[in-house]
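Numbering (the numbering used here), first residue to last: 160 to 386.
Here the structure comes first, spelled out in structure tokens, and everything after it is commentary.
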């Protein structure tokens with residue numbers, strides 16, 4: 160999995176500053192246990208905002224505007240695929256739009272084989288899941304956009320965002336996003352338009368899957384909710 164562990168403080172700080180300067184998107188995840196006992200792997204892309212060698216901390220922000228779904232006392236992991244390093248930590252502080260982390264005392268180099276094999280988000284495999292669908296889906300070959308509204312904390316529909324429609328069937332639809340944390344499984348959302356045309360009866364949807372595609376984007380699979 161790895162080469163020789165990096166323990167030199169200045170080298171580690173230099174690595175973090177390089178990732179910050181390049182605004183590199185890093186994989187960051189927690190394995191969260193909810194109050195009802197269910198387990199969930201929460202995965203975000205994060206970007207390093209600031210490295211403070213004096214206070215021996217650095218700050219990261221989420222790549223999505225609605226913020227982190229992390230908890231503050233859980234073991235957390237960062238993987239920088241482009242730099243081929245990884246490390247774990249417990250956050251010093253977590254807010255919706257920031258996370259403060261102690262500069263690690265060591266980071267682990269990871270081999271290309273490990274990076275290729277690790278599956279933080281399930282990879283897309285059309286054949287594997289096709290038999291589970293109640294209706295055949297038609298893949299969209301053009302650049303049609305679907306307008307999606309999320310619910311806010313008060314249960315009201317929020318800002319309209321547009322995503323590329325991937326496929327559509329009598330039972331649901333899917334669309335592409337840039338970040339694995341843009342939506343989460345079992346989240347309820349509403350599709351209000353397709354290809355620039357408002358839907359007379361917006362589609363109420365529940366997110367059933369989020370899968371990583373070969374091009375690095377993510378496919379959000381949704382099922383229609385019937386009244």
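Using N, Cα and C, we set each Cβ at its ideal position, and we do this for glycine too.
Only a predicted model underlies this, so the values are computations on that prediction, with no experimental measurement involved.
Where residue i falls: helix, strand or coil (DSSP)
i           : result
residue 227 : coil
residue 221 : strand
residue 373 : coil
residue 280 : coil
residue 202 : strand
residue 243 : coil
residue 322 : strand
residue 255 : coil
residue 290 : Bear in mind that a pLDDT of 47 at residue 290, under 50, signals an unreliable position, so the model cannot answer this.
residue 265 : coil
residue 249 : coil
First and last residue of the uninterrupted alpha helix (DSSP H) at residue i
i           : result
residue 169 : 168-180
Opening and closing residue of the beta strand (DSSP E) in which residue i lies
i           : result
residue 275 : Careful: residue 275 lies outside any beta strand (DSSP E), inside the alpha helix (DSSP H) at 271-276.
residue 233 : Taken as a continuous stretch (DSSP letters only), residue 233 belongs to no beta strand (DSSP E), as it is neither H nor E.
residue 309 : 304-310
residue 190 : 185-192
residue 260 : 258-261
For residue j and residue i, believed in contact at Cβ under 8 Å, the rounded distance
i           : j           : result
residue 262 : residue 187 : Not really, about 16 Å apart at Cβ, beyond 8 Å.
Check whether residue i and residue j have beta carbons under 8 Å apart
i           : j           : result
residue 223 : residue 341 : yes
residue 361 : residue 204 : no
residue 336 : residue 277 : no
residue 234 : residue 253 : no
residue 282 : residue 370 : yes
residue 169 : residue 207 : no
residue 229 : residue 258 : yes
residue 226 : residue 275 : no
Inside the segment 328-367 only - alpha helix (DSSP H) runs reaching at least 4 residues: none
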